[in-house]
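A short worksheet on the structure shown next.
Protein chains: 2
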Amino acid sequence: MSLLICGSIGLDTVKNEHGSVEEALGGSATYTSIAASYLCDEIAIVGVVGEDFPAKYVEVFENKDVDVTGLEVAPGKTFRWSARYDDLNEAITLDTQLNVFESFSPQILPRFRNDQYIYLGNIDPVVQLEVLSNIDSSHLVAADTMNLWIESKNDELRSLLQKIDLLFINKDELKMLTEEKNLLKAAREAVNLGPKYVVVKQGESGAFIYGVDLMFFTPIFPTVAVKDTTGAGDCFAGGFMGYLANQDKIDKKTLKQALVYGTVLSSYNIEDFSIHKVAHISREVIDKRYEKLKSLTQI
Amino acid sequence: MSLLICGSIGLDTVKNEHGSVEEALGGSATYTSIAASYLCDEIAIVGVVGEDFPAKYVEVFENKDVDVTGLEVAPGKTFRWSARYDDLNEAITLDTQLNVFESFSPQILPRFRNDQYIYLGNIDPVVQLEVLSNIDSSHLVAADTMNLWIESKNDELRSLLQKIDLLFINKDELKMLTEEKNLLKAAREAVNLGPKYVVVKQGESGAFIYGVDLMFFTPIFPTVAVKDTTGAGDCFAGGFMGYLANQDKIDKKTLKQALVYGTVLSSYNIEDFSIHKVAHISREVIDKRYEKLKSLTQI
Numbered sequence: 001m002s003l004l005i006c007g008s009i010g011l012d013t014v015k016n017e018h019g020s021v022e023e024a025l026g027g028s029a030t031y032t033s034i035a036a037s038y039l040c041d042e043i044a045i046v047g048v049v050g051e052d053f054p055a056k057y058v059e060v061f062e063n064k065d066v067d068v069t070g071l072e073v074a075p076g077k078t079f080r081w082s083a084r085y086d087d088l089n090e091a092i093t094l095d096t097q098l099n100v101f102e103s104f105s106p107q108i109l110p111r112f113r114n115d116q117y118i119y120l121g122n123i124d125p126v127v128q129l130e131v132l133s134n135i136d137s138s139h140l141v142a143a144d145t146m147n148l149w150i151e152s153k154n155d156e157l158r159s160l161l162q163k164i165d166l167l168f169i170n171k172d173e174l175k176m177l178t179e180e181k182n183l184l185k186a187a188r189e190a191v192n193l194g195p196k197y198v199v200v201k202q203g204e205s206g207a208f209i210y211g212v213d214l215m216f217f218t219p220i221f222p223t224v225a226v227k228d229t230t231g232a233g234d235c236f237a238g239g240f241m242g243y244l245a246n247q248d249k250i251d252k253k254t255l256k257q258a259l260v261y262g263t264v265l266s267s268y269n270i271e272d273f274s275i276h277k278v279a280h281i282s283r284e285v286i287d288k289r290y291e292k293l294k295s296l297t298q299i
Numbered sequence: 300m301s302l303l304i305c306g307s308i309g310l311d312t313v314k315n316e317h318g319s320v321e322e323a324l325g326g327s328a329t330y331t332s333i334a335a336s337y338l339c340d341e342i343a344i345v346g347v348v349g350e351d352f353p354a355k356y357v358e359v360f361e362n363k364d365v366d367v368t369g370l371e372v373a374p375g376k377t378f379r380w381s382a383r384y385d386d387l388n389e390a391i392t393l394d395t396q397l398n399v400f401e402s403f404s405p406q407i408l409p410r411f412r413n414d415q416y417i418y419l420g421n422i423d424p425v426v427q428l429e430v431l432s433n434i435d436s437s438h439l440v441a442a443d444t445m446n447l448w449i450e451s452k453n454d455e456l457r458s459l460l461q462k463i464d465l466l467f468i469n470k471d472e473l474k475m476l477t478e479e480k481n482l483l484k485a486a487r488e489a490v491n492l493g494p495k496y497v498v499v500k501q502g503e504s505g506a507f508i509y510g511v512d513l514m515f516f517t518p519i520f521p522t523v524a525v526k527d528t529t530g531a532g533d534c535f536a537g538g539f540m541g542y543l544a545n546q547d548k549i550d551k552k553t554l555k556q557a558l559v560y561g562t563v564l565s566s567y568n569i570e571d572f573s574i575h576k577v578a579h580i581s582r583e584v585i586d587k588r589y590e591k592l593k594s595l596t597q598i
């Protein structure tokens, strides 16, 4: 089954204690699609870049067999984001230039309007809703969100939650969304808002999936080689959704396995800036890490 | 095998959004010994209380078959601690009255000086070292510590670390102790400081044990019935150490099981103030939660 990924594609300038990159390939759709490409053969992205978007970055997608026919090139400049990290657990945004992304109206090609697994990256819930209004049928719709939208577009976000099957969200943002301090209560409340499952990302403390009939935890993959955490959540979603779409099953076992695959893809991403590491791995090494990670919770 | 627990025994006044208690039974040795009592038949405490310590609180230990011959009654008042919680993840200390605890010099009865499992609750590392100077031989020595001692008694704490087999510590305090931001690096560094294993408590995000030959994670037991988190870490250590002493094995499998038992005992403790819940459970319900908790990480 194929996976349609809608989100941002941009140029990131990032600095932290381990180094820096300027105008590197970034954006939620970028990270998610590249991570998913190892687990799923049919991946397409929907997004927009400006006329200044480097051709070599388009090749990155093509090299991973990611379908870029839904990648619109609009008049103007590409989305840019600049940040620094004092602590790798928290990005401090220095500058955001929406550019062509400001007036982005996602066009879904007819062949992507049915029978897809759909992932809506962390963008304005108004745009996420617009994507869904162009979808006729789907196997599963997942979305990511963040504090910015919880605060500024709460009503739209709540409308979105009623239309999706699975929500990816950070622990603190889950508590903010649901106004619940207790993590389990917050997860329950999120499911009451619409999605059947919520996947809660806890940074260095791992992740869990919660649904009325399912609760499953995984720690992170332990690594000391952390260089840059930008895109970690997007790669997590890529591993999760790529595995799910490829298996084309939404049972408990597959969801649990997807959570572990998401964690593994995320662990590669943070080992270097931009997509420098995550674009250069293999299914073989991914599966090795998957087995190692599973073993960390087996008595 | 028997477990010797040294730590504070005091009267706690605690207030949070769910209610309050005044001069309730508290202290690290209290929580740890009561939690351990369900898993291990031979438990003795070493500590001090004042002449005002209520007889009914001594009975709490006796009802759990905790040996209190090492509980000294000294002239003066009992240790008192007062705190409030705005967020259940963090106690705000309002008042600490050391009283008889200030001049506490732990006396270890001759029959406890050999062949015990030993747990040093979170007290001044100088006192923890004094206890160990009275021990001739042991199967395993574990200790808990906190930010206060990392800052004010760093040298003494480092001396202690060279004499113990296992360290219990919170995630943030582990990073403070080792001056490492990366959790895995911090765990490695803690082991370099002396103990063979470090058990890292991550609050609502679970716990893990790390050693050169072992890494194992468990999530918390999911519960919405959280009333008061005072003593959660002590009960965690009680479940862990009680199970270990009872099994009298220090292999990987037993350490993993101990981590899950610690988490289970901690989960009962937080369901009510003081020892109100954790003193009224049974091995049967503990084992049920143990199986449920294990299932949350099994694919």
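These protein sequence lines map, in sequence, to chains A and B.
Under this note's numbering, think of the first position of the first sequence as 1, with each following residue one higher.
Under this note's numbering, think of the first position of the second sequence as 300, with each following residue one higher.
The beta carbon of each residue, even a glycine, is placed where N, CA and C say it ideally should be.
If you look at residue 343 (chain B), you'll find it isn't in any alpha helix (DSSP H); it sits in the beta strand (DSSP E) that goes 342-349. With respect to chain A, the C-beta atom of residue 360 (chain B) has no partner C-beta closer than 8 Å. Closer than 8 Å at the C-beta level to chain B, one finds these residues of the stretch 187-204 of chain A: 188, 202, 204. The DSSP-derived three-state label of residue 264 (chain A) is helix. Counting C-beta atoms within 10 angstroms of its own C-beta, residue 364 (chain B) has fewer than 16 neighbours from the protein chains shown and is therefore classed as exposed. In the structure shown, the three-state DSSP call for residue 19 (chain A) is strand. Closest in alpha carbon position to residue 416 (chain B), among B:558, B:305, B:528, B:565, is B:305. DSSP lists B:345, B:419 as the beta-bridge partner residues of residue 305 (chain B).
Residue 299 (chain A) has a beta carbon lying within less than 8 Å of a beta carbon in chain B. The C-beta distance from residue 393 (chain B) to residue 383 (chain B) rounds to 6 Å, short enough to fall under 8 Å. Residues of chain B with a Cβ closer than 8 Å to the Cβ of residue 257 (chain A) are, in chain order, 598. Rounded to the nearest whole angstrom, the CA to CA distance from residue 472 (chain B) to residue 197 (chain A) is 33 Å. In this structure, DSSP gives residue 39 (chain A) a state outside helix and strand, which the three-state scheme calls coil. Contact check between the stretch 516-529 of chain B and the stretch 484-495 of chain B: fewer than three CB pairs, one atom from each, fall below 8 Å, which does not count as touching. Residue 396 (chain B) carries a strand assignment under DSSP once its states are collapsed to helix, strand and coil. As the crow flies, the alpha-carbon of residue 562 (chain B) is around 7 Å from that of residue 520 (chain B).
When only Cα atoms are considered, residue 201 (chain A) and residue 233 (chain A) end up about 8 Å apart. 87, 88, 89: these are the residues of the stretch 85-101 of chain A whose beta carbon lies less than 9 Å from some beta carbon of chain B, given in chain order. In its chain, beyond the 5 residues on either side, 163 have a beta carbon closer than 6 Å to the beta carbon of residue 132 (chain A). Taking all protein chains in view, the Cβ of residue 219 (chain A) is crowded by 16 or more other Cβ atoms within 10 Å, so the residue is classified as buried. 8 Å or more divides the Cβ of residue 27 (chain A) from the Cβ of residue 99 (chain A).
Shown in chain order are the members of the stretch 514-538 of chain B whose Cβ falls below 8 Å from a Cβ of chain A: 514, 515, 516, 517, 518, 521, 522, 523, 525. Neighbours of residue 481 (chain B) in chain A, taken as residues at a C-beta separation under 7 Å, are given in chain order as 224, 226.
In this structure the stretch 7-21 of chain A does not touch the stretch 206-220 of chain A; the number of beta carbon pairs closer than 8 Å is below three. With respect to residue 67 (chain A), residue 34 (chain A) sits apart: the two C-beta atoms are not nearer than 8 Å. Taken through DSSP and simplified to helix, strand or coil, residue 528 (chain B) comes out as coil. Segment contact: the stretch 252-269 of chain A against the stretch 591-598 of chain B, three or more CB-CB distances shorter than 8 Å; contact assigned. The stretch 110-126 of chain A and the stretch 143-154 of chain A touch, with no fewer than 3 CB-CB distances between them shorter than 8 Å.
For a Cβ distance threshold of 7 Å, residue set 514, 515, 516 of chain B lies close to residue 296 (chain A), ordered along the chain.
At a cut-off of 8 Å, the C-beta of residue 206 (chain A) has a neighbouring C-beta in chain B. Boundaries of the beta strand (DSSP E) around residue 69 (chain A): 66-74. Taking the C-beta atoms as reference points, residue 564 (chain B) is found nearer than 8 Å to residue 538 (chain B).
Scanning its chain for C-beta atoms nearer than 7 Å, with the 5 sequence neighbours on each side dropped, one finds around residue 328 (chain B) the residues 304, 305, 306, 307, 308, 344, 346, 420, in chain order.
For a Cβ distance threshold of 7 Å, residue set 598 of chain B lies close to residue 253 (chain A), ordered along the chain. Contacts with chain B at 8 Å (Cβ-Cβ) do not include residue 249 (chain A). Check the Cα spacing between residue 191 (chain A) and each of A:90, A:273, A:210: the tightest is with A:210.
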